[in-house]
Amino acid sequence: MANESFIKARNLVKKYGSTTILEDISFDINRSEVLVLCGPSGCGKSTLLRCLNGLETIQGGQIWIDNVELRGASQKELRALRQRVGMVFQMFNLFPHMTTLKNIIIAPMKLLNKTKQQATEDAMRLLEIVGIPEKVDEYPCALSGGQRQRVAIARALAMKPDLMLFDEPTSALDPEMKEEVLNVIERLRTEEKMTMVLVTHEINFVKNVADRVMMIEDREIVEESSAKTFFENPKEERTKIFLKAITDL
Amino acid sequence: MDYVFQFGILKEYAPYLAGGLGYTCMVGFGSIFFSIVLGLFFATLQISNNKILKIIALIYVDIFRTVPLVCLLIWIHYVMPILFNVGGSPTQSSIIALSLNGGALACEAFRGGLEAIPLTQNQASLSLGFSRIQTILFVIIPQAVYSVLPPLTNVFITNLKNVTITMIVSVPEVMFRAQELTVQFFRPLELYTGAAIIYILLIGSFSYAMRRVEKLRKWESI
Ligand SMILES: Nc1ncnc2c1ncn2[C@@H]1O[C@H](COP(=O)(O)OP(=O)(O)O)[C@@H](O)[C@H]1O
Ligand SMILES: [Mg+2]
Numbered sequence: 503m504a505n506e507s508f509i510k511a512r513n514l515v516k517k518y519g520s521t522t523i524l525e526d527i528s529f530d531i532n533r534s535e536v537l538v539l540c541g542p543s544g545c546g547k548s549t550l551l552r553c554l555n556g557l558e559t560i561q562g563g564q565i566w567i568d569n570v571e572l573r574g575a576s577q578k579e580l581r582a583l584r585q586r587v588g589m590v591f592q593m594f595n596l597f598p599h600m601t602t603l604k605n606i607i608i609a610p611m612k613l614l615n616k617t618k619q620q621a622t623e624d625a626m627r628l629l630e631i632v633g634i635p636e637k638v639d640e641y642p643c644a645l646s647g648g649q650r651q652r653v654a655i656a657r658a659l660a661m662k663p664d665l666m667l668f669d670e671p672t673s674a675l676d677p678e679m680k681e682e683v684l685n686v687i688e689r690l691r692t693e694e695k696m697t698m699v700l701v702t703h704e705i706n707f708v709k710n711v712a713d714r715v716m717m718i719e720d721r722e723i724v725e726e727s728s729a730k731t732f733f734e735n736p737k738e739e740r741t742k743i744f745l746k747a748i749t750d751l
Numbered sequence: 006m007d008y009v010f011q012f013g014i015l016k017e018y019a020p021y022l023a024g025g026l027g028y029t030c031m032v033g034f035g036s037i038f039f040s041i042v043l044g045l046f047f048a049t050l051q052i053s054n055n056k057i058l059k060i061i062a063l064i065y066v067d068i069f070r071t072v073p074l075v076c077l078l079i080w081i082h083y084v085m086p087i088l089f090n091v092g093g094s095p096t097q098s099s100i101i102a103l104s105l106n107g108g109a110l111a112c113e114a115f116r117g118g119l120e121a122i123p124l125t126q127n128q129a130s131l132s133l134g135f136s137r138i139q140t141i142l143f144v145i146i147p148q149a150v151y152s153v154l155p156p157l158t159n160v161f162i163t164n165l166k167n168v169t170i171t172m173i174v175s176v177p178e179v180m181f182r183a184q185e186l187t188v189q190f191f192r193p194l195e196l197y198t199g200a201a202i203i204y205i206l207l208i209g210s211f212s213y214a215m216r217r218v219e220k221l222r223k224w225e226s227i
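For the protein sequence lines, the chains are B and E, in the order given. In the working numbering, each residue's number is its place in the first sequence (first place is 1) plus 502. In the working numbering, each residue's number is its place in the second sequence (first place is 1) plus 5.
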C-alpha cells in the first residue's frame, strides 16, 4: 500500500443537526505534502480539520489517515490516531496551569510512557527548535502570543506526529510574532518533511510553503490546485473574488 | 442614652460562650463537608448529558436555595418526626438542614467553576490523544479547583454564619448560649456582642486560610 495517499477523503459530509456544513468533499494528501485550506470565515475549515483527527464525527463519506478508516474506528483507535496527529489552534489552547515544560512533557509521559528525564530532554530539544529554551519554566500567562504559539507547536511535536494540523496559527498574532511562528512551520517543512494541513490566509507564506491550495465555500471545494496556479492563474470566479478580498485587507 | 455597658460580664462568661464553639464547628464544618459532597454530586448531574438527571439537579438546587433556612430546620427537626416518625438530635437536624441548603449553593459554585473552563481546553487535550477521563483528571479538575475556590468560600462562610440559626432548635452553640445568659442576666448588648466577636474571629480566620489556599496558585488563566 506504499502508494496510497497518507490522507484520503471521499464524499465527506459534515452536518450539525440539520445544517450541512460540508458536502461531498474529496481530496488526497501525500506524505510530506503541505496542503493549505482557505475560504471565507464560517465555511467549515476548522470543522474539516477536526474531522481529520476524529474530533468530529462525519455524517457521510469516508476518511482514511494512514489507512485507518475513521468512521469504523473504535474510540481507542481514534485516540491512538490523535496521538500521531498534532493540532495547533488559533488561540493556542495551552494548559494555563502547567509550565512550558509540563505542557510539552505531559502527553509523552502519560501516553507514550516516557520517563520524565527522556521527555524533558526531548522537550528541551523542541524548545531549541522553536527558539525559546529560556521560557521552559514559565507559565503560559507570562508568555507573549508568539511564544505561546511556539510552545503549542512544541507540545504537538512532542508526540512525534506524522501529520500536523494548523488552524489559523497566526491570525491572533501581531505581525512580528506572526513571522516567528511562520518560520517554525517553514522549518518543519524543509527540515522534517512534515505532512501538514494548514488553514491560513498569509498569502506570501502560502506561496512559499504550500504544495497545494484548496478553497472551500458554500459547503464544497471551489478550487484545488498547485499553489502557483491557485494564485497566478485561478480557474474559478469565486477564487478570484476571494483572492482579491484577502489581498485588499 | 442611659444604658451602662457592663462588659465585665463577658470576663466571667466568655469561657462559657466560647465553649459553644465546639458545637458551632461541629455543625458548621460538618455541614460544609456534606455541602461539598452534595454539591459535587448534583453538579455532576447538572453537567451530564442526561435530561432527567439534569432536571433532578435543577429541582434540588431551586428548592433548597429558596426555602428559608429557619423553615427547613423546623420541618426537619419538628415536622419530620411527626409525619414520618424519623428524627435526630438538634445537632443532627441542624447539620442536615445546613447541608441541604449549602449543597444547593455549592452545586452552583461547582457548576460555575467548571463552566469557566473553556471548551477549547477539552479540544486541546483530546487532540493530543488523551481520553475523556484523562482530560478531566489532568486538565479540567486542576483548573476547576482554583476557579471554584472563591465562590465556594462564600458558601462555606454562609454555612458557618447559618449555624447561629440552629439556636431555634437549642443546639448549645455560641449564639444559643448568649441567648441563655441574656435571659438570666438581661445584658443582651454585651452578650450578643461577645458572641458576634467569637463568630467574627472564627469566620475571619477561616476566610484568611482560604485566601492563603487561593494564593497557592502560581498561574493565571489566559
Ligand atoms: N459545534 C458546532 N455546532 C454547531 N455549529 C457549528 C459548530 N462548530 C461550527 N459550527 C458552524 O459550522 C460552520 C463552520 O464553522 P468553522 O468550521 O468554524 O468555520 P471556519 O473555520 O471556516 O471559519 C459555521 O457556520 C459554524 O457556525
Ligand atoms: Mg476557523
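All residues carry an ideal CB built from backbone N, CA and C; glycine is no exception.
If you follow the beta strand (DSSP E) that E678 (chain B) is in, where does it begin and where does it stop? Note, E678 (chain B): premise wrong, no beta strand (DSSP E); alpha helix (DSSP H) at 677-694.
Collapsed DSSP secondary structure at T602 (chain B) in the structure displayed: helix
Would you say Y518 (chain B) lies against chain E (beta-carbon separation less than 8 Å)? no
The alpha helix (DSSP H) enclosing V653 (chain B), as first and last residue numbers: 647-659
Straight-line gap, E738 (chain B) to I523 (chain B) (C-alpha atoms, nearest Å): 21 Å
Since I believe L537 (chain B) is in contact with I531 (chain B) (beta carbons under 8 Å), could you give me their beta-carbon distance rounded to a whole number of angstroms? 5 Å
Put V724 (chain B) into one of helix, strand or coil per three-state DSSP. strand
Take D720 (chain B) as the anchor and find which of B:A747, B:T741, B:E704 has the nearest alpha-carbon. B:T741
How would you label T521 (chain B), buried or exposed, when you count the other beta carbons within 10 angstroms and need 16 or more for buried? exposed
Tell me where the alpha helix (DSSP H) around R116 (chain E) begins and ends. 95-120
What are the boundary residues of the beta strand (DSSP E) that includes Y518 (chain B)? 509-518
By a C-beta neighbour count over all protein chains shown, 10 Å radius and 16 as the cutoff for buried, is K16 (chain E) buried or exposed? exposed
Secondary structure of I227 (chain E), DSSP reduced to three states: coil
Residues sharing a beta bridge with D530 (chain B), DSSP: B:K510
With a threshold of 7 Å, establish whether the CB of S226 (chain E) neighbours any heavy atom of ligand 1. no
Quick one: does R627 (chain B) have its CB under 8 Å from some CB of chain C? The chain inventory of the structure shown lacks chain C, comprising the protein chains B and E.
Nearest-residue set for ligand 1, Cβ under 5 Å from any heavy atom: B:Y518, B:I523, B:S543, B:G544, B:C545, B:G546, B:K547, B:S548, B:T549
Chain B within 8 Å of E195 (chain E), Cβ atoms only: no
Straight-line CA distance for I202 (chain E) to A660 (chain B)? 57 Å
Can you confirm whether M696 (chain B), when its beta carbon is compared against all beta carbons of chain E, has any partner nearer than 8 Å? no
Identify whether C540 (chain B) lies in helix, strand or coil by the three-state DSSP scheme. strand
Below 8 Å between beta carbons: does that hold for L596 (chain B) and A625 (chain B)? no
Within-8 Å CB hit, F135 (chain E) to chain B: yes
Would S152 (chain E) count as contacting chain B if we go by Cβ distances under 8 Å? no
I want to see whether chain B comes within less than 8 Å of F143 (chain E), judged by CB atoms only; does it? yes
Span separating the alpha-carbon of Q651 (chain B) from that of L557 (chain B): 21 Å
Could you list which residues in chain B have their beta carbon closer than 7 Å to that of W224 (chain E), in chain order? P598, H599, Y641, C643
Confirm the yes/no value for this check: CB of E670 (chain B), any heavy atom of ligand 2, distance under 7 Å. yes
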